[in-house]
Amino acid sequence: MDKSDIRGVLDKYGKLTVAAGEVSDDTDLFTVGLTSHATVNVMLGLEDLYDVEFPEEILKKSTFSSVNSLASALSTLVAAGV
């Protein structure tokens, strides 16, 4: 997955306290302002961008905790055609 696209969605919907481009791939996004409400908006933005649907079993805080964890989840979803 293109991490710059993920960062774009985070900038648009994540309401982070810093620009998504300023955080490392492994930074805990919840420590830079991501909230549960914003997580839903990020999920919907990523679903639209990649034409996937996050299944219930991966709707966990850990899935949305970093750019790397989001990229990994999205790679799996896209490969599975979910």
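If you're matching positions, the sequence shown starts at 587 in my numbering and goes up one per residue.
In this text, a Cβ means the ideal position worked out from N, Cα and C, and glycines have one as well.
Where the alpha helix (DSSP H) containing residue i begins and where it ends
i: E608; result: Careful: E608 lies outside any alpha helix (DSSP H) and carries neither H nor E.
i: L602; result: That residue, L602, is in no alpha helix (DSSP H); it is neither H nor E in DSSP.
i: T662; result: V653 to A666
Closest residue to residue i among the options (Cα-Cα distance)
i: P641; options: G667, S651, S622 and H623; result: G667
i: G619; options: D611, L596 and T649; result: L596
i: M587; options: V609, Y636 and T621; result: Y636
i: G607; options: F650, Y599, S590 and D634; result: S590
Residue i versus residue j - alpha carbon distance
i: V638; j: F616; result: 23 Å
i: K601; j: A624; result: 7 Å
Burial state of residue i, where buried means 16 or more other Cβ atoms lie within 10 Å
i: L645; result: exposed
i: A605; result: exposed
Cβ distance (whole Å) where residue i is taken to contact residue j below 8 Å
i: I592; j: A657; result: 6 Å
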